[in-house]
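Remarks on the structure that follows.
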Amino acid sequence: MLLVNGIYKVFNAGTVNEKTALQDVSVELKEGDFVTLIGGNGAGKSTLLNCVAGVYGVDRGSILIDNNDVTRLPEHKRAAVLGRVFQDPMMGTAANMGIEENLALAYRRGQRRGLKWGISRKERELFRQQLKRLELGLEDRMTVKVGLLSGGQRQALTLLMATLKKPKVLLLDEHTAALDPKTANRVLEITEQLVKENNLTTLMVTHNMRDAIRHGNRLIMMHEGRIILDINGQEKKKLTVEDLLERFGRVSGEEFANDRALLS
Amino acid sequence: MGAVSLGLLWAVMTIGVFITYRVLNIADLTVEGSIAMGAAIAAKCIISGINPYLATCLALLGGMAAGLATGLLHTQLKIPALLSGILTMIALWSVNLRIMGTSNISLLRMGTVYQPLENLGLNKTYAIIVLGLLFVFALITILYWFFGTEIGSAIRATGNNPHMVRAQGINTNTTIILGLIISNGLVAMSGALIAQSQSYSDVQMGTGAIIIGLASVIIGEVLFGSRNFYTRMVSLMLGAVTYRIIIALVLKMGMPANDLKLFTALTVAFALSLPVFKSYLNPLRSLFKEVE
Ligand SMILES: Nc1ncnc2c1ncn2[C@@H]1O[C@H](COP(=O)(O)OP(=O)(O)O)[C@@H](O)[C@H]1O
Ligand SMILES: [Mg+2]
């Protein structure tokens, strides 16, 4: 479903600040794969997701979604087949617009927008049903401005927006990192539920090793712009945090450098 | 009454400024040029014998073209929005002189959009108020509808969070350009209506217009602010009228006309800095609470 083919990404090329964020990264996600992506600070995880989403162009290599080469497509065109949730709860929604207005914008992802009214009665009913299933009470507050919601509620809403129109690939970039542990768990439950129900091909970055092990059918670890571990199937099921740290040390020759991952 | 009639015509401009400043979250200086452009086009057309209503529509088109120019400079050539607006504004000075062929045109004894109402026996000020009210409410209704549509919602969201808008498959370049086109079209139309009300068009008339627009937006929001998009636009109209009444009052109280722009600029600077003052006051307040 997603094929990343030997991509390179260099920031500030030719200056003193030159930084190679991705080096020859290749990965393939089959339909229905739920891959967790872990790695130290600055490993290139966000850059990989941003390259897939078209926020940045790549310097070399290609990206295919469902056998279509999207390497040269601008961000808003790729969005038609992608669902995205960001680390910052502010990033995924329009704060001054209502819950239902945000959902209506997301429901038209990949469609031409015209002079039809922005939201129909039938859609409102659909949104209400979907919101109910989040069990956050949002179904009774559909016209409330999203800016008034908590971070967890906003992330749950962004998740719903990302999956309302079934995406070919769902990209989650540390979408629970800014939440308190309890809320983070609830948002992860919702993630699990939405991914399962829609059989979504998912790439989820997390800073939490336990979450990375607990969720998904495959785990990838990045370090200094490269993929250094790729574990799936039975092997992943048996994985422990200690295993992961030990294998990281063996492959990279370093200690795992992500404070948050170790603390959590 | 003169202040009310003038305020209603500037309300059209205020709504244009609101679309860029509040909806798109861009401070667009193009308006200084596009308001004069609207006046220039309308005046030139009317003295050339073109129907005043058609002349006003042509002014709208001219302003839309100015908005498009700024939009292209900003989105395609990646020039910061503020600078793009300044570039278009400067360029429009020459364009407006070319349109008029001279630096001002008198419209005395020429037909205007207010003529039919005057023919019904209204004096000019009341004719402007009646037409102005009709026009502003029609405009607000159309804009309320437009900003509720799929495209309109996308424009509103762009000013809010462009990342999110792109993630939902919308080209933010398109929405920004559309917003600038609509805004400057309205501003030029306002210029055309103002020129016909005061019976002349002057290449200088845009100077300081952005500040007047911002002052009206802020007064409208502070005094009449509301949440619904429709009533929000009505409050803009009231803001524009209030601004004119305030100006008329301070002039009556003896402020020299030449100091008006300084007065307006200081007022707007104060209003824009309110959040800073508030944040200075807040720690004080919490301190007092602790003492209590
Ligand atoms: N827009 C950018 N401009 C310059 N450097 C960047 C940019 N985005 C990321 N980088 C650099 O690329 C590297 C990888 O960053 P990132 O992908 O954000 O890491 P992470 O794995 O923590 O998400 C870091 O060294 C970061 O400083
Ligand atoms: Mg990151």
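Line order of the protein sequences matches chains P and X.
Just so we're aligned: the first sequence equals residues 1 to 264 in the numbering used here.
Just so we're aligned: the second sequence equals residues 1001 to 1292 in the numbering used here.
Cβ atoms here follow ideal geometry from the backbone N, Cα and C, with glycine treated the same way.
DSSP three-state label for ARG84 of chain P, please.
strand
Segment limits, beta strand (DSSP E) that includes VAL35 of chain P:
It spans 34–39 - the beta strand (DSSP E) in which VAL35 of chain P sits, taken as one unbroken run.
Quick check: does the Cβ of THR20 of chain P come within less than 6 Å of any heavy atom belonging to ligand 1?
no
Along the segment 1209–1239 of chain X, where does the CB come closer than 8 Å to a CB of chain P? Name the residues.
none
Restricting to Cα atoms, I'd like to know which of X:ALA1138, X:ALA1043, X:GLY1002 and X:LEU1008 is closest to LEU1236 of chain X.
X:LEU1008
So, using beta-carbon positions, are ASP265 of chain P and TYR8 of chain P closer together than 7 Å?
Here chain P has residues from 1 to 264 only, and residue 265 of chain P is not among them.
Quick one: does ILE1170 of chain X have its CB under 7 Å from some CB of chain P?
yes
I need the DSSP call for LEU215 of chain P, collapsed to helix, strand or coil.
Reading off the sequence, residue 215 of chain P comes out as His, not Leu. In the structure shown, HIS215 of chain P sits in coil (DSSP, three-state: anything other than H, G, I, E or B).
If we cut at 7 Å on Cβ distances, does ARG1098 of chain X have a partner in chain A?
The chain labelled as chain A is not found among the protein chains of the depicted structure, namely P and X.
If ALA21 of chain P and PRO89 of chain P are in contact, beta carbons under 8 Å, what's the gap, nearest whole angstrom?
Not quite, the Cβ-Cβ distance comes to about 24 Å (not below 8 Å), so this is no contact.
In angstroms, rounded to a whole number, what distance separates the CA positions of PHE1277 of chain X and ALA1271 of chain X?
When rounded, the distance between both Cα atoms is 10 Å.
Give me the chain P residues within the contact set of GLY1148 of chain X, using Cβ-Cβ distance strictly less than 8 Å, ordered along the chain.
TRP117 and GLY118
Could you confirm whether any beta carbon from chain X is found closer than 7 Å to the beta carbon of MET204 of chain P?
no
Pick from X:LYS1124, X:TYR1200, X:PHE1137 and X:ASN1184: whose alpha carbon is nearest that of ALA1040 of chain X?
X:TYR1200
Give me the chain X residues within the contact set of ALA104 of chain P, using Cβ-Cβ distance strictly less than 9 Å, ordered along the chain.
Chain order gives the chain X residues near ALA104 of chain P as GLU1150 and SER1153, where near means a beta carbon separation below 9 Å.
For the segment 1133–1153 of chain X against the segment 135–143 of chain P, are there 3 or more C-beta pairs whose distance is under 8 Å?
no
Ligand 2 and LYS30 of chain P: does any heavy atom of the ligand fall closer than 6 Å to the residue's C-beta?
LYS30 of chain P: no, Cβ never under 6 Å from ligand 2.
Which bits of chain P does HIS1163 of chain X rub up against, with CB to CB less than 7 Å?
MET91
Beta carbon of VAL35 of chain P nearer than 7 Å to that of ARG218 of chain P:
yes
Within the present structure, is the beta-carbon of LYS237 of chain P separated from the nearest heavy atom of ligand 2 by less than 6 Å?
no
For ILE119 of chain P, tell me which candidate among P:ALA104, P:PRO74, P:GLU224 and P:THR143 has the shortest Cα-Cα distance.
Measuring from the Cα of ILE119 of chain P, the nearest candidate turns out to be P:ALA104.
Rank X:LEU1193, X:VAL1136 and X:LEU1122 by C-alpha distance to the C-alpha of THR1231 of chain X and give the top, closest one.
Closest by alpha carbon: X:VAL1136.
Proximity of THR1242 of chain X and ILE1212 of chain X at Cβ, strictly below 7 Å:
For the 7 Å CB-CB criterion, THR1242 of chain X and ILE1212 of chain X do not form a contact.
Comparing the CB of SER1201 of chain X with every heavy atom of ligand 1, is any distance shorter than 6 Å?
Outside the cutoff, so no.
For GLY1002 of chain X, collect the residues of the same chain with a Cβ closer than 7 Å to its Cβ; drop the 5 residues on either side in sequence, then sort them by chain order.
THR1125
Heavy atom of ligand 1 within 6 Å of GLY57 of chain P beta-carbon
GLY57 of chain P has its Cβ no nearer than 6 Å to any heavy atom of ligand 1.
Compare the C-alpha of ILE1019 of chain X against each of X:LEU1083, X:ILE1129, X:GLY1067 and X:VAL1250 and name the closest.
The option with the nearest alpha carbon to ILE1019 of chain X is X:GLY1067.
Could you tell me whether the segment 1026–1034 of chain X touches the segment 1079–1087 of chain X, using the rule of 3 or more Cβ pairs below 8 Å?
yes
Using three-state DSSP, classify ARG1098 of chain X as helix, strand or coil.
helix
Can you tell me whether LEU1008 of chain X is helix, strand or coil according to DSSP?
helix
Among the residues of its own chain, which have a CB less than 8 Å from the CB of VAL1130 of chain X, if the five just before and after it don't count?
LEU1117 and LEU1122
DSSP-derived helix/strand/coil call for PHE1018 of chain X
Looking at PHE1018 of chain X - three-state DSSP - the assignment turns out to be helix.
Whole-Å CB distance - ASN1161 of chain X paired with ALA95 of chain P, under 8 Å assumed
7 Å
According to DSSP, simplified to helix, strand and coil, what is GLN193 of chain P?
GLN193 of chain P sits in a helix when the DSSP states are folded into three classes.
Taking DSSP as the reference, what is the three-state secondary structure of ALA1027 of chain X?
coil
Once DSSP output is grouped into helix, strand and coil, what is the label at VAL10 of chain P?
It is a strand residue.
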